[in-house]
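**Q** What follows is a single structure, and I will ask about it in a moment.
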Amino acid sequence: MTSQLDPIILNFLYVILGGVLTLLFMKLGCSMFNKIVNFNISDELGKGNIAVGLMVMGLFIGVGIALGLVIGLGLS
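According to this note's numbering, numbering within the sequence shown proceeds without interruption in unit steps and concludes at 100.
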């Protein structure tokens, strides 16, 4: 039983660490991108600007896929 428990706990810790890292990098990426563009992303999203919402969605999906691949390849 303990030989099966250790990999399960280790994988669970990888998932938690990967999720936290993904959220941190998404926040960092959005903050950096907000400094590059000529508008405030939060204000534009508050106004209901769909184009900015799609841009942020693409940014989050890209960062999430990239980090998911890095973490996934690190597990194997």
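A virtual CB, placed ideally from N, CA and C, is assigned to each residue, including glycine.
With three or more C-beta pairs closer than 8 Å as the rule, is the segment 47-66 touching the segment 83-95?
**A** yes
**Q** Apply the 10 Å Cβ neighbour rule to Val80 and answer buried if 16 or more other Cβ atoms are within range, or exposed otherwise.
**A** By the neighbour-count definition (other C-beta atoms within 10 Å, threshold 16), Val80 is a buried residue.
**Q** Could you give the distance in angstroms between the alpha-carbon of Tyr38 and the alpha-carbon of Ile89?
**A** 16 Å
**Q** Nearest-angstrom Cα distance between Gly42 and Leu48?
**A** 10 Å
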